[in-house]
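Going by the UniProt record's numbering, 25 is the number at position 25 of the sequence shown; the sequence numbering is gapless. Yeah, the Cβ is synthetic: ideal placement off N, Cα and C, and Gly gets one too. From a predicted model like this one, the values you see are computed outputs, not experimental measurements.
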Amino acid sequence: MDALDKWLTIDELASYIKLSRTKLYGMAQRGEIPASKIGSQWRFDREAIDRWMKAHTNASSGSDKKDMTK
1 MDALDKWLTI
11 DELASYIKLS
21 RTKLYGMAQR
31 GEIPASKIGS
41 QWRFDREAID
51 RWMKAHTNAS
61 SGSDKKDMTK
């Protein structure tokens with residue numbers, strides 16, 4: 001990974017994970033997504049986001065499986 005690609009802006013993250021900027025701002029402010037605020041700007045570590053996505057994908061997959069067995 002290029003060092004320039006390590007930190008994503010809100011726009012880059014929105015494009016990367018296909019969520020709206022508004023949703024991501026709210027999640028960042030509530031601490032629901034790994035983020036760093038520098039002044040008034042949010043930055044997102046791509047590797048931390050990838051780990052967060054995998055953790056949440058596994059969690060939702062488990063609940064889907066439980067629902068199918070009822």
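Range of the contiguous alpha helix (DSSP H) that encloses residue i
i: Asp11; result: 10-17
i: Lys6; result: Here Lys6 belongs to no alpha helix (DSSP H), and DSSP marks it neither H nor E.
Helix, strand or coil at residue i [DSSP, three-state]
i: Ile38; result: strand
i: Gly31; result: coil
Supposed contact pair residue j and residue i - C-beta distance, whole angstroms, cut 8 Å
i: Ile10; j: Pro34; result: Actually they are not in contact, since the Cβ atoms of Ile10 and Pro34 sit about 13 Å apart, beyond 8 Å.
i: Arg46; j: Lys6; result: 6 Å
Beta-ladder partner(s) of residue i, from DSSP
i: Arg43; result: Ser36
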